[in-house]
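Residue numbers (the numbering used here): 930 to 1381. Report on the structure given below.
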Amino acid sequence: MAKKKTLKITVLVIVTAAVLAIVLYLNSLMPIITGYAAKHLCSDVFISGRNPDDPEALDLSFSFIKYNRYKVNYDEKSVTARFLWGKSKAIYRDGFGATLVRDTSEEDLRKVRFPRGTDPGYSRDTIKWPLGDMIPDTATGINMQKVREISKKVIEENAYNGNIFAFLVMHKGVPVLESYKPRFDKNTRFISWSMAKSFTNALIGIMVKKDMIDVSQPAGLKEWQNDERSKITLNDLLHMESGLEWNEDYGNRSDVTVMLHSKSDMGLYAFGKKLKYEPGTYWQYSSGTTNIVSDIIQRKFNSDSAYYAFARNELFNRIGMPDAVFETDPSGTFVGSSYLFATARDYARFAYLFMHDGVFNGERILPEGWVKYSTTPASASKGQYGAFFWLNQGGKIPDAPRDMFRCDGHDGQFIAMFPSQDLAVIILGYSPSSKGGVNLGGLLLDVLSAVK
C-alpha cells in the first residue's frame, strides 16, 4: 500500500513538473507570439493599407500565431493581440511605422515626432523614371511575350511554389513589366524582411563617402572596449564574420525572435552576445549583427532627428523612395535587419542604384568601389555572401550567372540583380519556407531565358 502511494506521489510530482515546465515555456513565448502578431498586423494595416482580414487569414495563419485575437483601433492607429494570458500592443506613428510597446510607455513613444525638412522637393507623378514614375515605353530587346507568360504563371497560377503579391522585371534600367495580385498595386508598400540589411549597407556606404565612418576600424562600441570583442571591425560586422554567438532560427524561441519581438533596444541586445569565434574567421548569418550596425550608425549623430533625416535625405529621397518607411524599435533605432516597407518600384530603384555602381539619375550616391566591396565574398562564406548582400559566386543557383547578387527576405522577398544581363527581378509576397518557399532558381532562370 505504501509503495502504491509513493508511486502515485511520484507520478503526480512528475506530471506537475511537466505541466509547470510547459506553462513556463509558453510564458516565455508569449511576447513573441503576441508581439509578432500585433506588430505585423499594425504594419500591414497602417503602412500597407491591407484589410486586417487578409493578413489574418494568410500571413498570420501559422503555428501559435493563428490563435491570436486582435483589436484594431483605427482612431489611435494601434493593434492589440492576445493569446491565452499574453497581450502585446503595437502603435503606428507617421514616419516611424509600427512599433511594439516594449519597456516604455505608449505615451512616451507618441511624444516622439519624425523630423520636418525631409520633403523630397519633387512629385514622382510628374518626373521621369528612375526618380519619378513616368516610365518610358522603351523596347529593351527583352522577349516580352515570354516575360508576360512568366508573369501570368506567377500571379494567376501561384507557380514556382510561391504566393507572390508583386512581380517586377527591370531590363536595361527600365521596368518592362510589373504585375500584382488583386488588392495590391504599384502604391502598395511591402515588407522587406531581411532585404533591409542591404539598405543598411547603403547607409554605411553614404557615411563612408562623407568620411563619417571607416569600415576597416574596430566598431568602437564602448560596451566592447574591455574584452576581446574590441577587435571586431565594422567590416567584420558587414560580412557577418563578427564571431558573436547567435541563433537565427525563426521557428522557436531564439536570439532573433526574442530580439525582434521582446526587446526595446535590439542593437543593445545583440551586442551583448559573447564572442564565440575569432573575428573575421567564421561566417554566420545574424540579424543581430545588422542591428548592431544600425546602432553604430545612430551613435554617429548628435540627435535622433539628425539620424532620421540622414536616412531620408541622403538615401530615400535621392533615389525616388520618399514614401518608404524604415521602422524603428522602441528605443528609436532603425530595425536595419528586417523592417523596411517600400513599393515594388522602390525596390527596383534600389537595384538600379547598385547596378549602376552607386550612381542614380546621374548623381553619385555611394562612393566609388562600394558596390564592388559589397559584392566581394566574405572570406569564410564560401562565395555566398558579401557585405549584407547574398552572392552567387559559390554557385548556389548553378545555372545563373556567377555575378548575380541578391537581397533576400523572409517568406519570399527578393531583389535579384544580374549585372551581365542588365537585369533585375523583384519578387514580393508570402511564400514561407515551411512550405518550401519560392523556387527562386526556376523562376530566375525562366526570366533570364527572356533576355538571351
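Built from N, CA and C at the ideal position, the CB exists for glycine as well.
#1: Please report whether the beta-carbon of Gln-1154 lies at a distance below 8 Å from any beta-carbon of chain D.
#2: Just list the residues that DSSP pairs Thr-1257 with in beta bridges.
#3: Where are the beta strand (DSSP E) runs, 3 residues long or more, that stay fully inside the stretch 1311-1355, in chain order?
#4: Using the Cβ count rule (16 or more neighbours within 10 Å means buried), how would you classify Pro-1059?
#5: Let me make sure I understand the geometry here. Which of Asp-1194, Thr-1304, Glu-1107, Ile-1133 has the alpha-carbon closest to that of Pro-1348?
#6: Ordered along the chain, which non-local residues of its own chain (more than five positions away) have a Cβ less than 6 Å from that of His-1100?
#7: Assign Asn-1002 to one of three DSSP states: helix, strand, or coil.
#8: Within the same chain, show all residues whose beta-carbon is closer than 7 Å to that of Ile-1056, passing over the 5 residues directly before and after it, in chain order.
#9: Using the C-alpha atoms, what's the distance from Asn-1155 back to Val-1367?
#10: The beta strand (DSSP E) spanning Ser-1017 covers which residue range?
#11: Select from Leu-1173, Met-1169, Ile-1142, Met-1136 the residue whose C-alpha is nearest the C-alpha of Trp-1153.
#12: Would you mind working out which of Ile-1084, Trp-1122, Phe-1025 sits nearest Asp-1114, comparing C-alpha positions?
#13: Decide if the stretch 1260-1274 is in contact with the stretch 1120-1135; the criterion is three or more beta carbon pairs, one per stretch, under 8 Å apart.
#14: Would you identify the three-state DSSP class for Pro-960, choosing helix, strand or coil?
#15: For Ala-1095, list the residues DSSP reports as bridge partners.
#16: Ile-1142 and Val-1222 look like a contact to me (Cβ under 8 Å); what is the Cβ gap, rounded to whole Å?
#17: Does the stretch 1009-1023 come close enough to the stretch 957-974 that 3 or more CB-CB pairs lie under 8 Å?
#18: Can you give the Cα-Cα distance for Leu-1377 and Ser-1007, rounded to whole angstroms?
#19: If you count every other CB in all the chains shown that lies within 10 Å of the CB of Tyr-1198, and 16 or more means buried, which is it?
#20: So, for Ala-1088: in the same chain, excluding its five sequence neighbours on each side, which residues have a beta-carbon less than 7 Å away from its beta-carbon?
#21: Rounded to whole angstroms, what's the CA-CA distance from Ala-1109 to Ser-990? Just pull it up for me.
#22: For Lys-1057, write down the residues that DSSP places opposite it in a beta bridge.
#23: On the DSSP bridge assignment, give the partners of Ser-1007 in chain order.
#24: Hey, how far is the Cα of Lys-1202 from the Cα of Asp-1178?
#25: Counting Cβ pairs, one atom from each stretch, are 3 or more of them under 8 Å apart for the stretch 1177-1195 and the stretch 1257-1266?
#26: Please go through the same chain and pick out, in chain order, the residues whose beta-carbon is closer than 6 Å to the beta-carbon of Trp-1014, but skip the five residues on each side of it.
#27: So, is Arg-998 buried or exposed, given that buried needs 16 or more other C-beta atoms within 10 angstroms?
#28: Go ahead and pull the three-state DSSP assignment for His-969.
#29: Just checking my contact of Leu-1282 with Ile-1135 at CB under 8 Å: how many whole Å lie between their CB atoms?
#30: Can you give the beta carbon distance from Ile-961 to Arg-1182, rounded, assuming they're within the 8 Å contact cut?
#31: For Ala-1329, I'd like the list of residues in its chain whose CB is within less than 8 Å of its CB, leaving aside the five on either flank, ordered along the chain.
#32: Assign Glu-1297 to one of three DSSP states: helix, strand, or coil.
#33: Indicate the three-state DSSP secondary structure (helix, strand or coil) for His-1100 in the structure shown.
#34: Give me, in chain order, the residues of the same chain whose beta-carbon lies closer than 7 Å to that of Pro-1242; leave out the 5 immediate sequence neighbours on both sides.
#35: Does the Cβ of Glu-1256 have 16 or more other Cβ atoms within 10 Å, making it buried, or fewer, making it exposed?
#36: Whose CA, out of Val-1076, Leu-987, Leu-1163, Ser-957, lies closest to the CA of Ala-1379?
Put simply:
#1: The structure shown contains no chain D; it holds only a single protein chain.
#2: Beta-bridge partners assigned by DSSP to Thr-1257: Phe-1263.
#3: If we require 3 residues or more, the beta strand (DSSP E) runs fully inside the stretch 1311-1355 come out as 1334-1338, 1342-1347.
#4: Buried, because 16 or more other Cβ atoms sit within 10 Å of the Cβ of Pro-1059.
#5: Answer by Cα proximity: Thr-1304.
#6: Correct list, in chain order: Thr-1069, Ile-1071, Leu-1352.
#7: Residue state, collapsed to three classes: strand.
#8: Hits under 7 Å: Met-1063.
#9: Cα to Cα, Val-1367 sits roughly 45 Å from Asn-1155.
#10: Element bounds for Ser-1017: 1015-1022.
#11: That would be Leu-1173, whose Cα lies nearest to the Cα of Trp-1153.
#12: When the alpha-carbon of Asp-1114 is set against those of Ile-1084, Trp-1122, Phe-1025, the nearest one is in Ile-1084.
#13: Two segments are said to touch when three or more pairs of C-beta atoms, one from each, lie closer than 8 Å; by this definition the stretch 1260-1274 touches the stretch 1120-1135.
#14: Taken through DSSP and simplified to helix, strand or coil, Pro-960 comes out as helix.
#15: DSSP lists Tyr-1109, Leu-1357 as partners of Ala-1095.
#16: Contact between Ile-1142 and Val-1222 does not hold, since the beta-carbon distance rounds to 10 Å and is not under 8 Å.
#17: Cβ pair count under 8 Å is three or more, so yes.
#18: Note on geometry: alpha-carbon atoms of Leu-1377 and Ser-1007 lie some 43 Å from one another.
#19: Counting the other Cβ atoms within 10 Å of the Cβ of Tyr-1198 gives 16 or more, which makes it buried.
#20: Answer for Ala-1088: Lys-1082, listed in chain order.
#21: Reading off the sequence shown, one finds Tyr at residue 1109, where the question assumed Ala. Each residue's Cα considered, the two are about 22 Å apart.
#22: Answer by DSSP bridge pairing, in chain order: Met-1063.
#23: Asn-1002, Ile-1020, per the DSSP bridge assignment.
#24: Here the alpha carbons of Asp-1178 and Lys-1202 stand approximately 16 Å from one another.
#25: With three or more CB-CB distances shorter than 8 Å, the stretch 1177-1195 counts as touching the stretch 1257-1266.
#26: Take Trp-1014, set aside five residues on each side of it, and no residue of its chain has a beta-carbon closer than 6 Å to its own.
#27: Exposed: under 16 other Cβ atoms inside 10 Å.
#28: DSSP places His-969 within a helical segment (H, G or I) once states are collapsed to three.
#29: Not really, about 11 Å apart at Cβ, beyond 8 Å.
#30: About 6 Å separates the two Cβ atoms, so the contact holds.
#31: Excluding sequence neighbours, Ala-1329 sits near Asn-1321, Phe-1347, Gly-1370, Leu-1373, Leu-1374, Leu-1377.
#32: In the three-state scheme derived from DSSP, where H, G and I count as helix and E and B as strand, Glu-1297 is classed as coil.
#33: Strand.
#34: Note that residue 1242 corresponds to Asn in the displayed sequence, not to Pro. Only Thr-1047 meet the Cβ criterion.
#35: That one is buried.
#36: Cα-wise, what sits closest to Ala-1379 is Val-1076.
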